[in-house]
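The structure appears right after this line, and notes come after that.
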DNA sequence: ATCCTACGATGGACCAAATCCAAGTCAAGA
DNA sequence: TCTTGACTTGGATTTGGTCCATCGTAGGAT
């Protein structure tokens with residue numbers, strides 16, 4: 004995943020210092036799921052003048068480019084998952100909120116029978132497994 | 004599900020006119036998923052002085068009592084699902100946001116192998132199927 | 001190497017959802 | 001019916017996010 008910057012440049016993404024810092028922060032944490040605000044804090048350590056709007060804009064673009072996934076497991080702040088090229092689901096601790104990437108067996112879409120699809124054209128399934136992590140249980 | 008009020012009283016839930024109205028609104032819509040604000044609007048039709056804080060408090064209690072499920076499928080307002088005693092998953096239109104309750108086959112928890120559980124004690128799995136509804140596709 | 005200009009960044013205003021809090025009210029047990 | 005602790009109120013506050021007019025600059029053109 005560390006060629007994220009390469010891929011973006013190759014797609015004609017205009018490279019600015021702000022975008023580079025945001026992309027690098029996401030790229031650095033492969034199975035970390037930061038909030039926009041956490042990204043902003045980390046970015047500001049390297050680029051003190053970066054604005055929140057820029058972080059939001061950049062994250063939004065990375066999401067629509069398909070380079071990053073938006074996950075909202077708790078109804079609070081959205082989190083950004085840099086692992087977009089590797090299909091996976093999430094395991095969340097009901098107590099402390101920790102998130103882990105997991106890989107269930109089978110194809111989740113296959114579990115939804117035709118007569119339960121109501122004419123929808125399915126594109127994907129997101130699974131959130133919930134439970135208590137070792138240190139909370 | 005229409006004995007929600009009974010169950011709550013039986014559990015020693017202090018009954019007030021505000022709580023009754025909120026519970027009845029949820030109880031009335033079996034496969035509807037209202038936002039807190041929509042509940043507030045409907046409640047205010049019957050009880051003009053009811054405050055937002057009370058609606059939020061009451062919804063929060065119904066959730067922790069396990070009578071209602073909190074679902075956040077779009078990162079915007081949370082929605083409240085009165086169908087908590089009937090296990091089901093959600094099918095969401097990526098375009099218009101419509102939500103349908105669906106019943107996939109099999110046990111979603113069974114699809115997560117032991118070596119992908121990282122010592123967690125699993126309690127449930129939430130699946131969100133995404134796609135386009137008939138009128139949006 | 002420099003110039004242009006369209007695209008990106010800024011920051012402060014604004015917004016929606018949700019929570020907090022001090023003061024007032026009331027359900028239900030004694 | 002009285003009492004009291006639990007509930008409600010509404011306004012302030014917090015949180016997460018968006019908008020927009022203006023300024024700045026990346027990178028192609030010359």
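Protein chains in written order, with our numbering: chain F, 4 to 140; chain V, 4 to 140. Built from N, CA and C at the ideal position, the CB exists for glycine as well.
Item	Value
With DSSP collapsed to three states, give me the class of residue 6 of chain F.	coil
Hey, how far is the Cα of residue 120 of chain F from the Cα of residue 74 of chain F?	23 Å
I need the straight-line Cα distance from residue 130 of chain V to residue 33 of chain F, nearest angstrom please.	23 Å
Check the Cβ-Cβ distances between residue 126 of chain V and every residue of chain F, and say whether any is below 7 Å.	yes
Would you mind giving the Cβ-Cβ distance between residue 61 of chain V and residue 25 of chain V, rounded to the nearest angstrom? I have them listed as a contact below 8 Å.	4 Å
What residue range does the beta strand (DSSP E) around residue 134 of chain V cover?	124-135
Are residue 42 of chain F and residue 58 of chain F touching if we call contact CB-CB under 7 Å?	yes
Hey, how far is the Cα of residue 80 of chain V from the Cα of residue 78 of chain F?	8 Å
Determine the chain V residues that contact residue 102 of chain F at a beta-carbon separation under 7 Å, and present them in chain order.	The contacting residues do not exist; residue 102 of chain F stays about 11 Å from chain V at best.
Taking 8 Å as the cut-off, does the region 107-122 of chain V touch the region 130-140 of chain F (at least 3 CB pairs, one atom from each stretch)?	yes
Residue 29 of chain F to residue 105 of chain V, Cα distance in whole Å?	35 Å
Could you list the residues in the region 43-69 of chain V with a C-beta less than 7 Å from some C-beta on chain F, going in chain order?	none
Quick one: does residue 17 of chain F have its CB under 7 Å from some CB of chain V?	no
Looking at chain V, is there any beta carbon in it that lies within less than 7 Å of the beta carbon of residue 108 of chain F?	yes
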